[in-house]
Amino acid sequence: MKTILYTLCFLLVFSGCSSPFVEDNTVEEIAPVTFWSLNQGKGGKLEITTLVPPVTNEKKQVLTLNVDLLKQGKKEFNLKFYRELKLGQLRMLIINEKLAKKEIISLIDTILSDPDVSPRLFLVLVRGSFEDFLENEGKVQKNLDYYLYRMFRHYERRNQGEMSIVNLHEFMEKVYSPYSDPVLPIFKADKDNFTYEGTALFNENKYVGSINKREDQMFQLIANDHYLKNLPIPHLKVSLGQVRSKVHMQVDDHFKTLNIHVLIKGRIDEYRGHRNILSRSEMNKMTDDIQSYLQRETVGLVKETQRLKIEPLEVGAHTYSPLTHPVTRKVWLDHYEKMKVHVKYSVKIEPLSL
Numbered sequence: 024m025k026t027i028l029y030t031l032c033f034l035l036v037f038s039g040c041s042s043p044f045v046e047d048n049t050v051e052e053i054a055p056v057t058f059w060s061l062n063q064g065k066g067g068k069l070e071i072t073t074l075v076p077p078v079t080n081e082k083k084q085v086l087t088l089n090v091d092l093l094k095q096g097k098k099e100f101n102l103k104f105y106r107e108l109k110l111g112q113l114r115m116l117i118i119n120e121k122l123a124k125k126e127i128i129s130l131i132d133t134i135l136s137d138p139d140v141s142p143r144l145f146l147v148l149v150r151g152s153f154e155d156f157l158e159n160e161g162k163v164q165k166n167l168d169y170y171l172y173r174m175f176r177h178y179e180r181r182n183q184g185e186m187s188i189v190n191l192h193e194f195m196e197k198v199y200s201p202y203s204d205p206v207l208p209i210f211k212a213d214k215d216n217f218t219y220e221g222t223a224l225f226n227e228n229k230y231v232g233s234i235n236k237r238e239d240q241m242f243q244l245i246a247n248d249h250y251l252k253n254l255p256i257p258h259l260k261v262s263l264g265q266v267r268s269k270v271h272m273q274v275d276d277h278f279k280t281l282n283i284h285v286l287i288k289g290r291i292d293e294y295r296g297h298r299n300i301l302s303r304s305e306m307n308k309m310t311d312d313i314q315s316y317l318q319r320e321t322v323g324l325v326k327e328t329q330r331l332k333i334e335p336l337e338v339g340a341h342t343y344s345p346l347t348h349p350v351t352r353k354v355w356l357d358h359y360e361k362m363k364v365h366v367k368y369s370v371k372i373e374p375l376s377l
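In terms of this note's numbering, the sequence shown opens at residue 24 and continues consecutively.
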């Protein structure tokens, strides 16, 4: 009987609110952080910036720290703000491009190991000063942090091919996949603007370069959403809408040639050229010009990935066969770098009048 009483007392003490292991999450005393911006700090340190308090009507304040460790920043933020900052609502990790060139995987691993952080938080690379944008735009845009989160969330849900949207889980999944490499959206930030620049490319966990907005359209069509709400082609003076693609990739048995066949369907949303596109023959010429443009741009994109020896297009996945043993990543990339590339587009376009 005494043993049972002792056991009950023990459970009451260590499961009750007075337990020293239970964190205080009183709403009035905490401030959920919605983003961290990471930059190179002085003396080789790490600069961390955030906006507090998030999503309230109180006056916003930009907090910046120079620290040696990411976890150190989490602790020291709490000494600068009157509420305890919690990472349970962290939704965006914004990493400066210069810092990404030096290190990125250690930062992401640290965030991923935190049990309070969702693996669905968005990862973003930034050129320029995101901090300047925060300081200036935060004065006129209420709840700027929430506005940015809603923007990323919108494009993630819509899958319109407008930009590459990547969360923490997707990034790490591709880091550890043998025939794929991760990508991230890259934005340019200054005092007045925060604009999409294209897609950042990685070789496993190393940032190796980026593709611009024009090349990014090809990436969205053949490797990401397979859809573009709008595809402008300025030099042809035409803009296509509701563009959908089906992609067939084939690598020959000797890893010498890569054939890519892309089926495109869309419509003409705008045309300001000299052709009479109501004429069947003129429309056919227009279609040929669009096919040539798409083939040329896609070949350029593939060759850039070959030069960098990276796999954002996941071509290696098309070499799987139940009758063959898969080659290692290194062997595959050595073959991929030297492959001849043949790209063919079959384009079906509805005229402007339809």
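Glycine included, every Cβ here is placed at the ideal spot set by N, Cα and C.
In whole angstroms, what separates the C-alpha of residue i from that of residue j?
i: Leu113; j: Lys371; result: 44 Å
i: Ile234; j: Gln164; result: 30 Å
i: Glu120; j: Glu320; result: 25 Å
i: Ile131; j: Leu224; result: 16 Å
i: Gly151; j: Val206; result: 19 Å
i: Ser203; j: His297; result: 43 Å
i: Ser304; j: Thr310; result: 10 Å
i: Asn299; j: Ile256; result: 17 Å
i: Thr306; j: Gly264; result: Residue 306 is actually Met in this sequence, not Thr. Roughly 16 Å separates the two Cα atoms.
i: Gln314; j: Gln63; result: 44 Å
i: Leu301; j: Ser262; result: 16 Å
i: Arg237; j: Glu99; result: 42 Å
i: Leu110; j: Lys124; result: 25 Å
i: Thr133; j: Asn226; result: 20 Å
i: Gly339; j: Tyr178; result: 28 Å
i: Asp312; j: Arg290; result: 15 Å
i: Trp355; j: Val231; result: 19 Å
i: Thr73; j: Asp239; result: 29 Å
i: Gln329; j: Glu373; result: 34 Å
i: Phe242; j: Asn166; result: 32 Å
i: Val266; j: Pro201; result: 30 Å
i: Pro76; j: Met186; result: 29 Å
i: Val90; j: Leu116; result: 17 Å
Please state the DSSP three-state secondary structure of residue i.
i: Asn253; result: strand
i: Asn190; result: strand
i: Arg290; result: strand
i: Gly184; result: coil
i: Ser344; result: coil
i: Lys367; result: strand
i: Ser315; result: helix
i: Gln112; result: coil
i: Asn235; result: coil
i: Gly264; result: strand
i: Ser60; result: strand
i: Gln243; result: helix
Assign residue i to one of two classes, buried (16 or more other C-beta atoms within 10 Å of its C-beta) or exposed (fewer than that).
i: Tyr172; result: buried
i: Val366; result: buried
i: Ser60; result: buried
i: Thr247; result: Note that residue 247 corresponds to Asn in the displayed sequence, not to Thr. Asn247 should be labelled buried.
i: Gln84; result: exposed
i: Thr351; result: exposed
i: Ser268; result: buried
i: Thr347; result: exposed
i: Lys279; result: exposed
i: Lys197; result: buried
So residue i and residue j are in contact, right, with Cβ under 8 Å, and what is the actual spacing, rounded?
i: Leu251; j: Gly184; result: 4 Å
i: Leu336; j: Tyr368; result: So it is not a contact: roughly 16 Å between Cβ atoms.
i: Met272; j: Ile287; result: Contact doesn't hold; Cβ gap of about 15 Å is too wide.
i: Lys332; j: Glu293; result: Not quite, the Cβ-Cβ distance comes to about 39 Å (not below 8 Å), so this is no contact.
i: Leu281; j: Met195; result: Not quite, the Cβ-Cβ distance comes to about 27 Å (not below 8 Å), so this is no contact.
i: Ile127; j: Asn228; result: 7 Å
i: Thr218; j: Pro208; result: About 11 Å; that fails the 8 Å criterion.
Query - Segment contact, 8 Å Cβ cut-off, at least three pairs: the stretch 131-147 with the stretch 182-191 - result: At 8 Å Cβ cutoff, the stretches touch.
Query raised in the report: Can you find at least 3 beta carbon pairs, one from the stretch 62-74 and one from the stretch 93-100, that sit closer than 8 Å?
Result: Yes, the stretch 62-74 is in contact with the stretch 93-100.
Query raised in the report: Taking contact to mean at least 3 C-beta pairs separated by less than 8 Å, is the stretch 208-216 in contact with the stretch 142-156?
Result: The stretch 208-216, when compared against the stretch 142-156, does touch it at the 8 Å Cβ threshold.
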